[in-house]
Amino acid sequence: MLLIECPWCGPRAETEFSYGGEAGIERPADPYALSDAEWADYLFFRRNPRGAHRELWHHAQGCRRWFGVERDTVSYRIEKSYRLSGAGSGRPAAAHIEASKEKRR
Amino acid sequence: MSEAGPPRPRIAISVRSGRGFLNLRLNPRRGQALEAAERILGQPMPRAANTFTAGENEVYWLGPDEWLVATGAKRVSALGSELAEALGGFHAAVNDVSGGHVELLVRGADARTVLAKGCTLDLHPREFVPGQCAQTGLGRAAVLLAAGDPSTCTIVVRRSFSGYLRRWLAYAARPRGARLPAL
Ligand SMILES: [Zn+2]
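Quick mapping for you: the protein sequence lines, in order, are chains X and Z. So the first sequence is numbered by our numbering: it starts at 99 and just counts up by one. So the second sequence is numbered by our numbering: it starts at 1098 and just counts up by one.
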């Protein structure tokens, strides 16, 4: 079982949390400017890296707050967890779309 | 050899009836809102995560902008109105959630040992000290657990889970000589 550090409550058992997928995905500011492929990419495609991964967790049975976690997907080691408020916690949609295009090339 | 009687229970599980609950949300960075609430409550609000203050009421920290106020069922309605009025000028919310919660008391020398059977937190009196509280899992229920003195724990649980939790507690406490509390 993972021991996950909630930024407010401290280390708690994995059973208290629910997983929210890749972190930092922002809704495109103007969806109508996107092609169907780009929109589908924003909705459905995630990076799934081998190694360092920024992801969202929800302290469902605790303080019920969302927060970010940096986890290694190979070793499951959690490098850090952090509160989401504040600048720099998100990744602009354009960059995300570019990155995922890059991935599929 | 003398006949040993049945073990004397070192744990008692009871429902604390006649309780009312308010959910209180406000931005603690607005110090004035916090102070306005404290004036009405007549006691300090817990600033630190996972702590509570006991006075006329118990005020539990639930999240960085959320608290649970436990008070008498007869007082809850008036207290809610007073809080709502005092916080009228702030971005805040006061909700009476009395209908949704049940407060249980688990007392006795074995209280923490029995709770530990279904809880992943370290409940040793050295770690879970008086004044601390935690929202966590107990059995399969989500609960608010609060430490009174070393032999007393308060549990606030959703009403729909309280029957299950009381049965779970009774089952977990049975080897310690406890009997099923009235449902
Ligand atoms: Zn938490």
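Positions of the beta carbon are idealized from the N, C-alpha and C atoms, including for glycine.
How far does the alpha helix (DSSP H) with T1210 of chain Z in it reach, from first residue to last?
In the DSSP assignment, T1210 of chain Z falls within the unbroken alpha helix (DSSP H) covering A1208 to L1212.
Counting along the chain, where does the beta strand (DSSP E) carrying I176 of chain X start and finish?
I176 of chain X -> beta strand (DSSP E) spans I176 to R181.
Taking the alpha carbon of L1220 of chain Z as the point to measure from, which residue in Z:V1240, Z:L1202 and Z:P1247 has its own alpha carbon closest?
Considering only alpha carbons, the answer is Z:P1247.
Would you call the CB atoms of G166 of chain X and L182 of chain X closer than 8 Å?
Result yes, Cβ atoms of G166 of chain X and L182 of chain X sit closer than 8 Å.
Does the separation of the CB atoms of R1122 of chain Z and E1163 of chain Z fall below 8 Å?
With contacts defined by Cβ atoms closer than 8 Å, R1122 of chain Z and E1163 of chain Z form a contacting pair.
Since A1190 of chain Z sits in a beta bridge, which residues does DSSP pair it with?
Per DSSP, the beta bridge partners of A1190 of chain Z are Z:R1122.
Pairwise C-alpha distance: A1213 of chain Z and R1273 of chain Z
Their Cα atoms are separated by approximately 14 Å.
Please determine if the stretch 1237-1244 of chain Z and the stretch 1222-1229 of chain Z are in contact, where contact requires at least 3 C-beta pairs separated by less than 8 Å.
Flag = yes, the stretch 1237-1244 of chain Z and the stretch 1222-1229 of chain Z touch.
Counting only Cβ pairs nearer than 7 Å, list the residues of chain X close to L1159 of chain Z.
Chain X residues near L1159 of chain Z: C161.
What do you reckon, are the CB atoms on A150 of chain X and D134 of chain X nearer than 8 Å?
Cβ atoms of A150 of chain X and D134 of chain X: not closer than 8 Å.
Cβ-based contacts, 9 Å cut-off: residues of the stretch 1132-1165 of chain Z near chain X:
Within the stretch 1132-1165 of chain Z, the residues whose Cβ lies closer than 9 Å to some Cβ of chain X are A1146, N1147, W1158, L1159, G1160, P1161 and E1163, listed in chain order.
Return yes when at least one heavy atom of ligand 1 lies under 7 Å from the C-beta of G118 of chain X, else no.
No, the beta carbon of G118 of chain X sits no closer than 7 Å to any heavy atom of ligand 1.
Is R163 of chain X a contact residue of ligand 1, with contact defined as CB to any heavy atom under 7 Å?
The beta carbon of R163 of chain X sits closer than 7 Å to at least one heavy atom of ligand 1.
Identify each residue in the stretch 1221-1247 of chain Z for which the Cβ-Cβ distance to at least one residue of chain X is less than 8 Å, and report them in chain order.
For the stretch 1221-1247 of chain Z, the residues whose beta carbon sits under 8 Å from a beta carbon of chain X are, in order, A1231, Q1232, T1233, G1234 and A1239.
Same chain only: Cβ atoms within 8 Å of G1234 of chain Z, ignoring 5 sequence neighbours per side:
Only residues of its own chain outside the window of five on either side were considered, and among them G1215, C1216, T1217 and V1240 have a CB closer than 8 Å to the CB of G1234 of chain Z, listed in chain order.
Return the chain-ordered list of same chain residues with a C-beta closer than 6 Å to the C-beta of A1109 of chain Z, the five sequence neighbours on each side being excluded.
Here the set comprises R1204 and G1205.
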